[in-house]
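Trainee:
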Amino acid sequence: LAEEASAAVSLLRINTRPPAWPLMLFANPALQMALARRNATSLWDEHRPIRLAPELREFAPRGYDADSDDGSDPRKRRPSVYAFKLSALALTEYDRTVYLDLDVFVLNPSLVNVLLTSTLRVADVAMPGPVPGRFAMASGEKGAARENALGVPVLCSCLIAYRKTAGVLAWMIDAARALMQRRNPELRRQGDQEYLWFMWWSVHASKGSLRVLGLPDEWYCPWRTPRVARQPGENVSSLRAEIFVGGVTHTCWAVHGHPAQKIVT
């Protein structure tokens, strides 16, 4: 994970045009130590520990002490890792944020700038998608994806551009709370993007305080994209990817997926 994170953030720094936006990493001590061994911690400008948001602590397993949990004890019974991810999103210190999973490799130098300065002028949240296989995410003929939400795409939470508004933060906290309570067992994957999707269409869409925008196909290319390559002998900065959509070949703005790390190292 440390190797992949280092490669991804190095590419992000190479492939981001001025201005230089601050980079913040939320990580547990184990990852921080692994990055330190690689002399990679300086690739980020700021570091924050992963902690459960105060609004969620009452839903943690009985006996769980959020203040003393540093993530180092694998035997400790703790909330889902996706609840911690949603907590980190809700605890942003910036008015506008672009969140990236550690296995997202940014290829287009304009991606971050466009999201922060253009996309978030017309939306509160922007995410790529729809997620492949989204219609199989809910089980049963009467599942959530079978009835009311067929026209609402499941967007990928590997990349999220968002504004720090009351509506956005409430959506994230509500999704984390429902996830921790396993409120919707028909969701086959009990993850952050599934509960963000569920709370979006079932609760927050009707409130009018959440404008969600799905990004174009080429902004998010899964690692399975056929044309992902780099020039022989060159470093991570030569990574290129293409996707075929609507009879046209598009250059990918970003590649997502752990196997991409094998391509760039």
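Residue numbering for the sequence shown follows the working numbering, beginning at 1 and increasing consecutively.
Heads up, the beta-carbon is just placed ideally off N, CA and C, and yes, glycines get one too.
Being a predicted model, the structure only gives us computed values, none of them experimental.
Tell me whether the segment 26-35 and the segment 43-54 touch, counting them as touching only if at least three CB pairs, one residue from each stretch, are closer than 8 Å.
Mentor: The answer is yes - the segment 43-54 touches the segment 26-35, with three or more Cβ pairs under 8 Å.
Trainee: Can you tell me whether P128 is buried or exposed? The criterion is at least 16 other CB atoms within 10 Å of its CB, across all chains shown.
Mentor: Here the question's residue 128 lines up with position 128 in the sequence shown. Looking at its Cβ environment, which holds 16 or more other Cβ atoms inside 10 Å, P128 is buried.
Trainee: For the pair the segment 55-69 and the segment 77-86, tell me if three or more CB-CB distances fall below 8 Å.
Mentor: Judged by Cβ distances under 8 Å, the segment 55-69 makes contact with the segment 77-86, as three or more pairs qualify.
Trainee: Go through its chain and collect everything with a Cβ distance to F69's Cβ below 7 Å, but skip five positions before and after it.
Mentor: Position 69 of the sequence shown holds residue 69. Sequence check: residue 69 is Asp here, not Phe. Hits under 7 Å: K76, R78.
Trainee: Closest by CA to A178, which one among A27, W200, L31, G167?
Mentor: Stepping through the sequence shown from its first residue, residue 178 is reached at position 178. Checking every option, the nearest Cα to that of A178 belongs to W200.
Trainee: Does DSSP classify A149 as helix, strand or coil?
Mentor: As a position in the sequence shown, residue 149 is number 149, starting the count at 1. A149: coil per DSSP, three-state reduction.
Trainee: Which residue wins for smallest C-alpha separation from R182, given the options L169, P29, F198, A170?
Mentor: Along the sequence shown, one-based indexing puts residue 182 at 182. Residue F198 is the option with its Cα nearest to R182.
Trainee: What do you get for N15, buried or exposed, if any count of 16 or more other CB atoms within 10 angstroms of its CB means buried?
Mentor: In the sequence shown, residue 15 corresponds to position 15, counting from 1. So N15 ends up on the buried side.
Trainee: Which runs of the alpha helix (DSSP H), 4 residues or longer, sit entirely within the segment 37-102?
Mentor: List check, alpha helix (DSSP H) in window: 81-90.
Trainee: Of all Cβ atoms in chain D, is any one closer than 7 Å to the Cβ of V106?
Mentor: The chain labelled as chain D is not found in the depicted structure, where only one protein chain is given.
Trainee: Run through the DSSP bridge pairs and tell me what R13 is partnered with.
Mentor: Taking the sequence shown and counting its residues from 1, the one referred to as residue 13 is at position 13. None, per the DSSP bridge assignment.
Trainee: Suppose the cutoff is 6 Å on Cβ atoms and the five residues either side in sequence are ignored; what does the same chain contact list for L213 look like?
Mentor: For the purposes of this step, residue 213 is taken as residue 213 along the sequence shown, with counting starting at 1. Cβ neighbours of L213 beyond the five flanking positions: A123, A126.
Trainee: Evaluate contact between the segment 204-219 and the segment 98-105, counting only Cβ atoms and requiring at least three cross-stretch pairs below 8 Å.
Mentor: The segment 204-219 vs the segment 98-105: no contact.
Trainee: Grab the span of the beta strand (DSSP E) containing E242 for me, first residue to last.
Mentor: Along the sequence shown, read from residue 1 onward, the residue named residue 242 stands at position 242. Counting along the chain, the beta strand (DSSP E) containing E242 begins and ends at 240-245.
Trainee: Compare the Cα-Cα distances from C156 to each of L210, A66, C221, A7 and report the closest residue.
Mentor: Residue numbering aside, residue 156 sits at position 156 when the sequence shown is read from its first letter. Ranking L210, A66, C221, A7 by Cα distance to C156 puts C221 first.
Trainee: With a threshold of 6 Å on Cβ separation, who are the neighbours of H250 within its own chain once the five nearest residues in sequence on each side are excluded?
Mentor: Taking the sequence shown and counting its residues from 1, one reaches residue 250 at position 250. Counting only Cβ-Cβ distances below 6 Å, and skipping sequence neighbours, we find E218, I243.
Trainee: Can you name the residues that DSSP bridges to F26?
Mentor: As a working mapping, residue 26 is identified with position 26 in the sequence shown. According to DSSP, F26 bridges with R48.
Trainee: Go ahead and pull the three-state DSSP assignment for R177.
Mentor: What you label residue 177 is simply residue 177 of the sequence shown in a count that begins at 1. Note: R177 maps to helix in three-state DSSP.
Trainee: Of all the options S87, F26, R163, which has the alpha carbon lying nearest to the alpha carbon of E55?
Mentor: Residue numbering aside, residue 55 sits at position 55 when the sequence shown is read from its first letter. Comparing Cα-Cα distances from E55 to each of S87, F26, R163, the minimum goes to S87.
Trainee: In terms of residues, what are the limits of the alpha helix (DSSP H) holding Y162?
Mentor: Taking the sequence shown and counting its residues from 1, one reaches residue 162 at position 162. Looking at the DSSP string, Y162 is not in any alpha helix (DSSP H); the run it does join, the beta strand (DSSP E), is 159-163.
Trainee: Using DSSP with H/G/I as helix, E/B as strand and the rest coil, what is A126?
Mentor: Here residue 126 refers to the residue found at position 126 when the sequence shown is read from its first residue. The answer is strand: DSSP assigns A126 an E or B state.
Trainee: Among the candidates A66, Y99, L91, whose CA atom is the shortest distance from the CA of L23?
Mentor: Translated into the one-based positions of the sequence shown, residue 23 becomes position 23. Considering only alpha carbons, the answer is Y99.
Trainee: Does the Cβ-Cβ distance between P130 and R17 come in under 7 Å?
Mentor: The residue labelled residue 130 in the question sits at position 130 within the sequence shown. The residue labelled residue 17 in the question sits at position 17 within the sequence shown. Going by C-beta atoms, P130 is not nearer than 7 Å to R17.
Trainee: Please name the residue or residues paired with G214 in a DSSP beta bridge.
Mentor: If you number the sequence shown from 1, residue 214 lands on position 214. Beta-bridge pairing links G214 to M127.
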